[in-house]
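Note sheet for the following structure.
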Amino acid sequence: MPQKGRPRLALESPASLQLSERAIAPGPCVLGPILRLQGPIPGAAQPAPLACRPDQLQLRWPAGLPLDIDPPGWCGHAGAADWILQVPLEQLLLAAERRGLALNLVVDLDAKSGQRLAATAGTHRLIEALADLCQQAERGLTAGWLSLEPELLDRLVDVLLVHSAEAAPRQDRGWRHVIEALVRMERGLAEELSLADLSKATGVSPRALQMAFRRHLDKRPLQSLRELRLARLRRLLLQEGRSGNLAEAQERCGLPGNGTTARHYGERYGEKPSQTRA
Numbered sequence: 000m001p002q003k004g005r006p007r008l009a010l011e012s013p014a015s016l017q018l019s020e021r022a023i024a025p026g027p028c029v030l031g032p033i034l035r036l037q038g039p040i041p042g043a044a045q046p047a048p049l050a051c052r053p054d055q056l057q058l059r060w061p062a063g064l065p066l067d068i069d070p071p072g073w074c075g076h077a078g079a080a081d082w083i084l085q086v087p088l089e090q091l092l093l094a095a096e097r098r099g100l101a102l103n104l105v106v107d108l109d110a111k112s113g114q115r116l117a118a119t120a121g122t123h124r125l126i127e128a129l130a131d132l133c134q135q136a137e138r139g140l141t142a143g144w145l146s147l148e149p150e151l152l153d154r155l156v157d158v159l160l161v162h163s164a165e166a167a168p169r170q171d172r173g174w175r176h177v178i179e180a181l182v183r184m185e186r187g188l189a190e191e192l193s194l195a196d197l198s199k200a201t202g203v204s205p206r207a208l209q210m211a212f213r214r215h216l217d218k219r220p221l222q223s224l225r226e227l228r229l230a231r232l233r234r235l236l237l238q239e240g241r242s243g244n245l246a247e248a249q250e251r252c253g254l255p256g257n258g259t260t261a262r263h264y265g266e267r268y269g270e271k272p273s274q275t276r277a
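Residue numbering for the sequence shown follows numbering that gives the first Met the number 0, starting at 0 and increasing by one per position.
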């Protein structure tokens, strides 16, 4: 009898952190609640085409320095030995805003070319965190991965702030509205939040808020809300495993317990919520 479920990768990590062979890139790929880590492509000798989504920041590096950072919407090539880490902008902004620093992240997110980060003390600390993350991925240590995600985000914020030190805080009101809306989302993931609720929290019209999200994240506010909820759901499922209740976890994240949630979760993480709990 053929094996049920999706095909597995050769990467030695638990099923809850593996993607199927339908991953965008052919190398081993691991997904935590927030971060997507793509390993080197086995047997590849030539650089491979690579694109960064408009709502993400991307890090590329071989086994050590140098470390390249790609802005949202960047298109280029990844080296055959490169590791690639994709960071959702929503999570990066929230990590910075918890320290009251989101407006200071003035790195040019509209740039068309990648940027090589200087070898500062902060960059070396970030490299160390990235090396730990790669080891967790290779060993399949789920608990270690979950604890490293927030730490790595904080170190990335530190590095970006150093590169932003000589620039003034962003004065774009739409940028501030995006941050304010994300903070409201994070505080109310279990609530029934609507676009009108987010509009009220930011003090602008629904249309203005939608335009701000479209400009800076290339998505609608409620799409970002869904992404934050799915990340929270994945974290809960990875932490609780089979001991947790899937319906209760979905309710705690403000997600409906129906096929729509399973479909969105599968599109984001390459597996069903029930498979994450296995």
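C-beta atoms are modelled at their ideal positions from N, C-alpha and C, and glycine is treated no differently.
Query, Result
"Inter-stretch contact at 8 Å, needing at least 3 Cβ pairs: the stretch 89 to 97 / the stretch 115 to 130", "no"
"Three-state class that DSSP yields for C28 in the structure shown", "strand"
"Start and end residues, beta strand (DSSP E) containing W60", "Q55 to W60"
"Under the three-state DSSP convention, the category W73 falls into", "coil"
"Own chain, CB closer than 6 Å to E270, minus 5 neighbours either side, in chain order", "none"
"Cβ neighbours of V86 in the same chain (closer than 8 Å, five flanking residues each side left out)", "I33, L34, Q55, L56, Q57, L58, L152 and L155"
"Status (buried if at least 16 other CB within 10 Å, exposed otherwise) for L135", "It should be noted that the sequence gives Gln, not Leu, for residue 135. Looking at its Cβ environment, which holds 16 or more other Cβ atoms inside 10 Å, Q135 is buried."
"Residues bridged to L36 (per DSSP)", "V29 and L84"
"Counterpart residues of R115 in DSSP-defined beta bridges", "D67"
"Status (buried if at least 16 other CB within 10 Å, exposed otherwise) for T201", "buried"
"Boundaries (first-last residue) of the beta strand (DSSP E) holding L49", "A47 to A50"
"Limits of the alpha helix (DSSP H) - the one that E185 falls within", "R172 to R186"
"Through-space distance from H263 to L224, alpha-carbon basis", "12 Å"
"Simplified DSSP state of C252, which is helix, strand or coil", "coil"
"R98 in three-state terms, based on DSSP", "coil"
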